[in-house]
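Enquirer: First the structure, then my questions, so here it is.
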Amino acid sequence: MHLLLGPLLVLITAVLFGPVSGGVAGAVAGLATLRLWHHPWGALNLALEGLFVGALRRRLTPLVADALYWLMSPLYFFLTYYLVEGIPAEGVLVAGVKQAVNGLLAALVLQVLLLIPRVRRSLRPLLPPPLAEVSIGRTFSSALTLGAVVPLLVLGGAEGRERYDSQLRQVEEENLHAARVVANEVESSIEHVRHGVGQLARTLSQGLTAGGQLPGQHYIEGELDALVTYSPEVHHAYVGNPEGLALAFSPRNDLSGRAMAGSDFSDRGYVRLVQQARGPIVSDVLSGRSHSPGPLVAAVAPIRQDERYAGYVVAAMDLPRLRQHAHAQVQDSDRRIRVTDVRGGVVFDSALTGHEPLRSITGTPLEQALRDVLSGGTGTYSSGEEGMPMVRMGQLHHFGMVTVPSLGWRVVVEQPGTRLQREVERAYFSLLVTMAMATGAAVLLALAFSRTIVAPVQAVSDAAARQAAGERMARASEAAQDAPHELSQLAETFDRMTGQLSRQMEAIERTSREKDAFLSIASHELKTPLTALKAHVQLLRRKLGGEHGERLDNVSRQVDRVTRLVNQLLDASQLGLEQLPLQRTRLDLSEVVRRVAEELVAASPLHTLAFTARPLLGDFDELRLEQVVHNLVSNAIKYNPTGGVIEVELQEVAGREAELRVSDRGIGLRVEDEEQLFGRFERGDRRELTGISGIGVGLYVSREIVRRHGGHISLRSREGGGAVATVRLPLAPPEQRSAAPAS
Numbered sequence: 001m002h003l004l005l006g007p008l009l010v011l012i013t014a015v016l017f018g019p020v021s022g023g024v025a026g027a028v029a030g031l032a033t034l035r036l037w038h039h040p041w042g043a044l045n046l047a048l049e050g051l052f053v054g055a056l057r058r059r060l061t062p063l064v065a066d067a068l069y070w071l072m073s074p075l076y077f078f079l080t081y082y083l084v085e086g087i088p089a090e091g092v093l094v095a096g097v098k099q100a101v102n103g104l105l106a107a108l109v110l111q112v113l114l115l116i117p118r119v120r121r122s123l124r125p126l127l128p129p130p131l132a133e134v135s136i137g138r139t140f141s142s143a144l145t146l147g148a149v150v151p152l153l154v155l156g157g158a159e160g161r162e163r164y165d166s167q168l169r170q171v172e173e174e175n176l177h178a179a180r181v182v183a184n185e186v187e188s189s190i191e192h193v194r195h196g197v198g199q200l201a202r203t204l205s206q207g208l209t210a211g212g213q214l215p216g217q218h219y220i221e222g223e224l225d226a227l228v229t230y231s232p233e234v235h236h237a238y239v240g241n242p243e244g245l246a247l248a249f250s251p252r253n254d255l256s257g258r259a260m261a262g263s264d265f266s267d268r269g270y271v272r273l274v275q276q277a278r279g280p281i282v283s284d285v286l287s288g289r290s291h292s293p294g295p296l297v298a299a300v301a302p303i304r305q306d307e308r309y310a311g312y313v314v315a316a317m318d319l320p321r322l323r324q325h326a327h328a329q330v331q332d333s334d335r336r337i338r339v340t341d342v343r344g345g346v347v348f349d350s351a352l353t354g355h356e357p358l359r360s361i362t363g364t365p366l367e368q369a370l371r372d373v374l375s376g377g378t379g380t381y382s383s384g385e386e387g388m389p390m391v392r393m394g395q396l397h398h399f400g401m402v403t404v405p406s407l408g409w410r411v412v413v414e415q416p417g418t419r420l421q422r423e424v425e426r427a428y429f430s431l432l433v434t435m436a437m438a439t440g441a442a443v444l445l446a447l448a449f450s451r452t453i454v455a456p457v458q459a460v461s462d463a464a465a466r467q468a469a470g471e472r473m474a475r476a477s478e479a480a481q482d483a484p485h486e487l488s489q490l491a492e493t494f495d496r497m498t499g500q501l502s503r504q505m506e507a508i509e510r511t512s513r514e515k516d517a518f519l520s521i522a523s524h525e526l527k528t529p530l531t532a533l534k535a536h537v538q539l540l541r542r543k544l545g546g547e548h549g550e551r552l553d554n555v556s557r558q559v560d561r562v563t564r565l566v567n568q569l570l571d572a573s574q575l576g577l578e579q580l581p582l583q584r585t586r587l588d589l590s591e592v593v594r595r596v597a598e599e600l601v602a603a604s605p606l607h608t609l610a611f612t613a614r615p616l617l618g619d620f621d622e623l624r625l626e627q628v629v630h631n632l633v634s635n636a637i638k639y640n641p642t643g644g645v646i647e648v649e650l651q652e653v654a655g656r657e658a659e660l661r662v663s664d665r666g667i668g669l670r671v672e673d674e675e676q677l678f679g680r681f682e683r684g685d686r687r688e689l690t691g692i693s694g695i696g697v698g699l700y701v702s703r704e705i706v707r708r709h710g711g712h713i714s715l716r717s718r719e720g721g722g723a724v725a726t727v728r729l730p731l732a733p734p735e736q737r738s739a740a741p742a743s
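Residue numbers (UniProt numbering): 1 to 743.
Spelled out as structure tokens, the structure:
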């Protein structure tokens, strides 16, 4: 849940929306850590992670950016978790590594998710540059790494959990076994002592005088000595009269050497209880007096003659002996055995020396935990105050509890959770080491496999690039010989396709050369009769006048028109055969443009000319540039049949270039026509062009002339209708520009 609702959402927000959004998302997601850890550093860490990854999202992939963040994080954990919060170094290490694994795994999951085509299509406007263009190698390696790490993490986590549960079961079984052994020993000891005092009470009852008097002191002391000597569970014993005064003791003196006979024990609760008892009873835990400085448990039996109460016999149990037995069960381990009475008082504690004052577990975490546990059950409690879980880990205790049925006492055997915590840490670091090794192996395998897949695809791409550059013999099958079958088949199919395309291109080029040669020959052959026809028309025009003269003028104009078409065909064929030379001379380009534009617009009564220019000197082929201007202005007139202004503007732009713009308000252009119209014999397929004459080579010839001058020509639609033709020409030839000194 922490992985799904924490770092993953933070990184998604950071990568898609930037650092500010990532930081805010981290702060919001970190609110859950405040309740869990009781300090703000986990939330701040998530906010910083989102801010850092978001800041680098346009330069690095999420996985690389997050890895850089976690490489710098040890300083943060040292300053906050260790110095400020005082968390032990082991806890800081566990917390830091765990959060780093969560963050890196979330980054890997995010990177793989953003490589899915459907996800990419949905989020394409939000994807940063490192994820906008994805290579096959990155896709394959990321997916393979995630596919190796996630199952390993799940299996490793399950194995670690099973190991923890196994250790917990072992701890609980050990605790319960020790508790049963101690409970049985306590039950047996109590039964022996109770039997001993009961037997002695019956003996003394039989020895009572007719007046109900106990036997003499020496006799009683002898019986008490026998009870203490032959009952190892008995620490000391005495016989008291009905008022609670000790008549005889065994041993005789206390630890200071003072005689115990005659001592007053009337304040003891068992003195009042035994008066109503018909058999032996076991008293509550009480403070030792004289013979034992520690707590005592006494078995008490009444001395009776019929219904007459003549006194009682008390035998104090040897609790140090029980404590030694309990110590034998724990065998110097970190386990602890406590026996408590029904009110929560501690009968004895294996962790104490036996000289401490009586204690109680009432109100303690152990007593609260015992409320929910039945005999033979187990539980856990924390001995420390509420605080950070990483600090409380060492304060957890696991216990098993068994009751002593005859008394209602509880035997509790517990041990701290440090043993399980060490096991968890060992399992966790073992999992991390295994994950690191598996991740490294997965990355290496992913790189190796991705090269196997990417290399043939790259070979096909390189071959396609060389084909596009004109290297028709470029092939990809040699580089894909050892590739998987599908990729090898792709390379072979590509080579067959390029072979077919090469043969088709050769056939097309051969046909094009033959066509250009035919056009060149036909154009030359047509120019000769057209020249002769023009000469004869001019002779007849000088001799004839009136109506015949006007008809001859029309014939002369049609001959000029056909001559221009033939010249365009000849230029197109020479350009196809790379046989169109340039004759550069020094001239003013503005005069050439003005002369051609004014002649063409003057011949069209529906159009007017708006000419703007300044003198621009350069080295150009005057005849060819006249041809370019003629084609552009005549097209502006032709495709603006309703009339209007033809705008011609010539100016100098940066880089010592002349820019010529010819604009009209005609039928305009479609986007797909802007480049297509520069092809040979291309006029477009719009219905508005059916009544407009032309063979579709003017723009092609113009582009080639401009290109040979080192310039560029373009067509675009004009806002509001119409078209704009733009020509840019360098004012100096290329060799002069390269030789000019840098400014």
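No residue lacks a Cβ here, since even glycine has one placed at the ideal position from N, Cα and C. Keep in mind the model is a prediction, meaning the values are calculated, not measured.
(1) Curious, which full-length alpha helix (DSSP H) runs of at least 4 residues does the segment 335-384 contain?
(2) Rounding to the nearest angstrom, what Cα-Cα distance links residue 500 and residue 452 in this structure?
(3) Would you mind giving the Cβ-Cβ distance between residue 313 and residue 204, rounded to the nearest angstrom? I have them listed as a contact below 8 Å.
(4) Within 10 angstroms of its Cβ, does residue 57 collect 16 or more other Cβ (buried), or is it exposed?
(5) By the three-class DSSP mapping on this structure, what secondary structure does residue 205 have?
(6) Within a Cβ cutoff of 6 Å, which residues of the same chain sit near residue 644, ignoring the five residues on either side of it in sequence?
(7) Can you check which of these residues, 361, 597, 98 and 235, is closest to residue 316 by C-alpha distance?
(8) What residue from 591, 595, 90 and 199 has the CA that sits closest to residue 422's CA?
(9) If you draw a straight line from the alpha carbon of residue 300 to that of residue 227, how long is it in whole angstroms?
(10) State buried or exposed for residue 497, treating a residue as buried only when at least 16 other CB atoms are found within 10 Å of its CB.
(11) Can you tell me which of the three DSSP states residue 639 falls into?
(12) If you measure from the CB of residue 533, is any heavy atom of the ligand COA nearer than 7 Å?
(13) Take the Cβ of residue 461 as the centre, count every other Cβ of all protein chains shown within 10 Å, and call the residue buried at 16 or more, exposed below.
(14) Roughly how many angstroms separate the alpha carbons of residue 728 and residue 721, rounded to a whole number?
(15) Does residue 642 pass the burial test, meaning 16 or more other C-beta atoms within 10 Å, or should it be called exposed?
(16) CB-CB under 6 Å to residue 668, same chain, minus the five flanking residues each way: which ones, in chain order?
(17) Could you tell me which residues DSSP puts in a beta bridge with residue 303?
(18) With DSSP collapsed to three states, give me the class of residue 400.
(19) Give me the Cα-Cα distance between residue 20 and residue 14, rounded to the nearest whole angstrom.
(20) Does the distance from the C-beta atom of residue 731 to that of residue 656 stay below 8 Å?
(21) Count Cβ pairs between the segment 370-380 and the segment 397-409 that sit closer than 8 Å; are there 3 or more?
(22) Mind checking who residue 159 pairs with in its DSSP beta bridge?
(23) Residue 617: buried (16+ other C-beta within 10 angstroms of its C-beta) or exposed?
(24) Please determine, among 464, 504, 509 and 507, the residue with the shortest C-alpha to C-alpha distance to residue 492.
(25) Residue 646 lies in the beta strand (DSSP E); which residues open and close that run?
(26) Which one of 619, 661, 636 and 170 has the shortest CA to CA distance from residue 708?
(27) For residue 32, tell me which candidate among 592, 6 and 343 has the shortest Cα-Cα distance.
(28) Answer with buried or exposed for residue 647, where buried requires no fewer than 16 other C-beta atoms within 10 angstroms of its C-beta.
(29) Report the option in 217, 78, 67 and 585 whose CA atom is closest to the CA atom of residue 42.
(30) How many angstroms separate the CA atom of residue 110 from the CA atom of residue 119?
(31) Which residue wins for smallest C-alpha separation from residue 128, given the options 200, 192 and 11?
(32) Can you tell which of 323, 178, 93 and 114 has its C-alpha closest to the C-alpha of residue 412?
(33) For a test of the three-state rule: what should DSSP assign to residue 252, helix, strand or coil?
(34) What residue does the beta strand (DSSP E) around residue 240 start on, and which one ends it?
(35) How should residue 686 be labelled, buried or exposed, when 16 other C-beta atoms within 10 angstroms of its C-beta is the threshold for buried?
(36) Since residue 466 and residue 455 are thought to touch, with beta carbons under 8 Å apart, how far apart are those beta carbons, to the nearest angstrom?
Expert: Working from what's here:
(1) Fully enclosed alpha helix (DSSP H) runs of 4 or longer: 365-370.
(2) Position 500 of the sequence shown holds residue 500. Position 452 of the sequence shown holds residue 452. So the two alpha carbons sit approximately 28 Å from each other.
(3) For the purposes of this step, residue 313 is taken as the residue at position 313 of the sequence shown. For the purposes of this step, residue 204 is taken as the residue at position 204 of the sequence shown. Your pair residue 313 and residue 204 checks out as a contact, with CB atoms roughly 7 Å apart and the cut at 8 Å.
(4) Along the sequence shown, read from residue 1 onward, the residue named residue 57 stands at position 57. With 16 or more neighbouring CB atoms inside 10 Å of its own CB, residue 57 falls in the buried class.
(5) By one-based count along the sequence shown, residue 205 stands at place 205. Here residue 205 sits in helix by DSSP.
(6) As a position in the sequence shown, residue 644 is number 644, starting the count at 1. For residue 644, where only same-chain residues beyond five positions count, the Cβ hits under 6 Å are 665.
(7) What you label residue 316 is simply residue 316 of the sequence shown in a count that begins at 1. Proximity to residue 316 across 361, 597, 98 and 235 peaks at 235, based on C-alpha coordinates.
(8) Here the question's residue 422 lines up with position 422 in the sequence shown. Answer by Cα proximity: 90.
(9) Position 300 of the sequence shown, counted from the first residue, corresponds to residue 300. Position 227 of the sequence shown, counted from the first residue, corresponds to residue 227. Residue 300 and residue 227 have their C-alpha atoms spaced approximately 13 Å apart.
(10) For the purposes of this step, residue 497 is identified with residue 497 of the sequence shown, where counting begins at 1. Exposed.
(11) Position 639 of the sequence shown, counted from the start, is the residue given in the question as residue 639. Secondary structure at residue 639: coil, using DSSP grouped into helix, strand and coil.
(12) The ligand COA is not part of this structure, which contains no ligands at all.
(13) In the sequence shown, counting from the first residue as 1, residue 461 sits at position 461. By the neighbour-count definition (other C-beta atoms within 10 Å, threshold 16), residue 461 is an exposed residue.
(14) Taking the first residue of the sequence shown as 1, we reach residue 728 at position 728. Taking the first residue of the sequence shown as 1, we reach residue 721 at position 721. Their Cα atoms are separated by approximately 23 Å.
(15) By 1-based counting over the sequence shown, the position of residue 642 is 642. Note on residue 642: under 16 other CB atoms within 10 angstroms of its CB, so exposed under the neighbour-count rule.
(16) Counted from its first residue, the sequence shown places residue 668 at position 668. Cβ-Cβ distances below 6 Å link residue 668 to 717, 721, 722 and 723 in the same chain, with the five nearest sequence neighbours on each side left out; the list follows chain order.
(17) The residue you call residue 303 lines up with position 303 of the sequence shown. Looking at the DSSP output, residue 303 bridges to 311.
(18) Position 400 of the sequence shown, counted from the start, is the residue given in the question as residue 400. Strand, per DSSP.
(19) Against the sequence shown, residue 20 aligns to sequence position 20. Against the sequence shown, residue 14 aligns to sequence position 14. Computed Cα separation, rounded: 8 Å.
(20) Taking the sequence shown and counting its residues from 1, the one referred to as residue 731 is at position 731. Taking the sequence shown and counting its residues from 1, the one referred to as residue 656 is at position 656. In this structure, residue 656 lies closer than 8 Å to residue 731 by Cβ.
(21) As far as the Cβ criterion goes, the segment 370-380 touches the segment 397-409, which means the pair count is three or higher.
(22) Translated into the one-based positions of the sequence shown, residue 159 becomes position 159. Answer is none; residue 159 lacks a bridge partner.
(23) By one-based count along the sequence shown, residue 617 stands at place 617. It is exposed - the Cβ of residue 617 has fewer than 16 other Cβ atoms within 10 Å.
(24) In the sequence shown, counting from the first residue as 1, residue 492 sits at position 492. Nearest C-alpha to residue 492: 464.
(25) Locating residue 646 in the sequence shown gives position 646, where the first residue counts as 1. Residue 646: member of the beta strand (DSSP E) spanning 644-653, first to last residue.
(26) Numbered from 1 along the sequence shown, position 708 holds the residue referred to as residue 708. Nearest C-alpha to residue 708: 619.
(27) For the purposes of this step, residue 32 is identified with residue 32 of the sequence shown, where counting begins at 1. For the options 592, 6 and 343, the alpha carbon positioned closest to that of residue 32 is the one of 6.
(28) Position 647 of the sequence shown holds residue 647. With 16 or more other Cβ atoms within 10 Å, it is buried.
(29) Sequence index remark: in the sequence shown, residue 42 carries index 42 (1-based). For the residues 217, 78, 67 and 585, the minimum Cα distance to residue 42 belongs to 78.
(30) Along the sequence shown, read from residue 1 onward, the residue named residue 110 stands at position 110. Along the sequence shown, read from residue 1 onward, the residue named residue 119 stands at position 119. Taking the straight line from one Cα to the other gives about 11 Å.
(31) Taking the first residue of the sequence shown as position 1, residue 128 is located at position 128. Per the Cα distances, 11.
(32) On the sequence shown, position 412 is the one that residue 412 refers to. It is 178.
(33) By one-based count along the sequence shown, residue 252 stands at place 252. Three-state result, residue 252: coil.
(34) Against the sequence shown, residue 240 aligns to sequence position 240. For residue 240, the uninterrupted beta strand (DSSP E) run begins and ends at 234-240, by DSSP.
(35) Reading the sequence shown from its first residue, position 686 is the one you call residue 686. Only weak support is given to the placement of residue 686: the predicted model assigns it a pLDDT of 47, under 50, and the value that follows is read from those uncertain coordinates. Around the beta carbon of residue 686, fewer than 16 other beta carbons lie within 10 angstroms, which makes this residue exposed.
(36) Numbered from 1 along the sequence shown, position 466 holds the residue referred to as residue 466. Numbered from 1 along the sequence shown, position 455 holds the residue referred to as residue 455. A Cβ-Cβ distance of about 16 Å is found for the pair residue 466 and residue 455, leaving them out of contact under the 8 Å criterion.
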